[in-house]
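Structure first, then comments.
There are 2 protein chains.
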Amino acid sequence: MSKNPKIDALSKFEWTIMNELWELENASARDIIDALPENSQRAYTTIQTYLERLVEKGYLSKKKAGNVNLYQTVIPRDEIVDGATNSFIERVFQGSGSSLAAYLIKNKQLRKDDLEQIRQILEEGDDDA
Amino acid sequence: MSKNPKIDALSKFEWTIMNELWELENASARDIIDALPENSQRAYTTIQTYLERLVEKGYLSKKKAGNVNLYQTVIPRDEIVDGATNSFIERVFQGSGSSLAAYLIKNKQLRKDDLEQIRQILEEGDDDA
DNA sequence: ATTCGTCTCCTACTTATGTAGTAATTTAGC
DNA sequence: GCTAAATTACTACATAAGTAGGAGACGAAT
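Top line first, the protein sequences correspond to chains A and B. My numbering puts the first sequence at residues 9 to 137. My numbering puts the second sequence at residues 9 to 137.
Take a look at the structure:
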């Protein structure tokens with residue numbers, strides 16, 4: 009049932025944690041810490057707090073394995089990415105996805121090789137989409 | 009000098025306000041309220057609070073015109089959009105702009121005609137980028 | 001001049017986010 | 001069996017974000 013969390017509601021550092029969880033699947037606080045890059049390190053208990061809060065919010069499930077708590081994502085990453093992206097587009101590009109795309113292409117985000125990559129996706133997806 | 013605000017730090021409703029300001033240029037609290045859509049209405053003083061906080065943060069300047077405060081954006085929208093987009097890509101698409109682009113293309117955001125539009129941009133920008 | 005509406009300024013309260021300490025518990029070594 | 005390291009559970013505190021009320025000033029209408 010997982011109290012239907014408001015999609016998009018992840019904060020910056022929550023994203024950091026969640027990204028690890030989606031990667032690791034079923035990890036302990038220690039696992040998370042070990043996986044986090046230097047600049048994302050926090051006190052052990054800080055990580056625990058995030059984990060617990062994410063459980064409360066319905067993003068993670070928790071189960072005990074011996075004495076250790078293991079956490080696991082409840083919602084597929086795609087779904088969260090989708091919500092976050094929609095919300096972002098809404099705010100920043102007044103709801104226009106193509107506007108974002110145009111921005112990406114025109115501004116420094118995409119380089120020559122990226123364009124090539126995207127063109128390839130276009131080539132493939134275009135005919136049967 | 010405007011105390012160099014952390015780019016990207018705008019919250020959801022701050023975006024709503026700022027979007028109006030970029031549109032209106034130099035507006036009063038009343039102007040903002042009148043411009044906001046139904047579902048973004050708040051108490052008059054709530055809007056005022058947002059405006060004042062945005063001034064503190066260095067996003068807006070304020071000047072009195074008679075008895076009324078007029079607010080004006082300090083930073084061009086493009087710049088803020090840029091910071092927000094970078095930060096978003098960092099979090100959600102692990103820093104890969106092309107990954108976002110691919111997502112946009114593959115998932116519901118872009119339809120056939122959008123693709124055409126983007127392809128045109130690609131055609132043009134490709135050779136001299 | 002008194003009143004009404006509007007606006008500013010200041011204050012306040014709630015929930016969320018960021019961050020972490022402490023006490024108690026567990027377990028792995030000696 | 002006792003100690004050290006790791007972990008959990010609980011508590012705490014600061015700042016940000018969200019939302020708004022009240023007091024007082026000011027200008028317009030009467």
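Glycine residues also receive a C-beta, built at the ideal position from the N, C-alpha and C atoms. On a predicted model such as this, the values are computed, not experimentally measured, just so you know.
Report the CB separation of residue i from residue j in whole angstroms; it is logged as a contact under 8 Å.
i, j, result
"A/Ala35", "A/Leu68", "So it is not a contact: roughly 10 Å between Cβ atoms."
"B/Leu108", "A/Leu18", "Contact doesn't hold; Cβ gap of about 17 Å is too wide."
"B/Lys71", "B/Val63", "So it is not a contact: roughly 10 Å between Cβ atoms."
"A/Glu22", "A/Tyr58", "6 Å"
"B/Glu28", "B/Ala43", "5 Å"
Taking only the alpha-carbon atoms, compute the straight-line gap between residue i and residue j and give it to the nearest angstrom.
i, j, result
"B/Ile25", "B/Ile40", "7 Å"
"B/Val82", "B/Asp90", "15 Å"
"A/Leu32", "B/Lys20", "30 Å"
"A/Trp30", "A/Arg85", "7 Å"
"B/Gln102", "A/Thr93", "13 Å"
"B/Asn12", "A/Tyr52", "Because B/Asn12 carries a pLDDT of 49, less than 50, the predicted location of this residue cannot be relied on, and the following value inherits that uncertainty. Looking at the two C-alpha atoms, the distance is approximately 32 Å."
"A/Ser106", "B/Gln80", "28 Å"
"A/Gln49", "B/Ala73", "49 Å"
"A/Ile55", "A/Arg38", "9 Å"
"A/Asn47", "A/Lys114", "31 Å"
"A/Ala110", "A/Asn75", "51 Å"
With DSSP collapsed to three states, give me the class of residue i.
i, result
"B/Ala73", "strand"
"A/Leu68", "strand"
"A/Leu18", "coil"
"A/Ala35", "strand"
"B/Glu128", "Reading off the sequence, residue 128 of chain B comes out as Gln, not Glu. Helix at B/Gln128."
"A/Gln80", "strand"
"A/Arg85", "helix"
"B/Ser104", "coil"
"B/Asn115", "coil"
"A/Leu59", "helix"
"B/Trp23", "helix"
"A/Arg50", "coil"
"A/Leu44", "coil"
"B/Thr93", "helix"
Exercise for the section: Name, going along the chain, the residues of the segment 102–114 of chain A whose beta-carbon falls closer than 8 Å to a beta-carbon of chain B. Expected result: Gln102, Gly105, Ser106, Leu108, Ala109, Ala110, Tyr111, Leu112, Ile113, Lys114
Exercise for the section: Mind checking the segment 80–94 of chain A against chain B and listing, in chain order, the residues whose C-beta falls within less than 9 Å of any C-beta there? Expected result: If you check each beta-carbon in the segment 80–94 of chain A against every beta-carbon of chain B, the ones closer than 9 Å belong to Asp86, Ile88, Val89, Asp90, Ala92, Thr93, Asn94.
Exercise for the section: Using a Cβ-Cβ cut-off of less than 9 Å, list which residues of the segment 19–51 of chain A approach chain B; keep chain order. Expected result: Lys20, Trp23, Thr24, Asn27
Exercise for the section: Below 8 Å between beta carbons is the criterion; list the residues of the segment 60–72 of chain A that meet it against any residue of chain B, in chain order. Expected result: none
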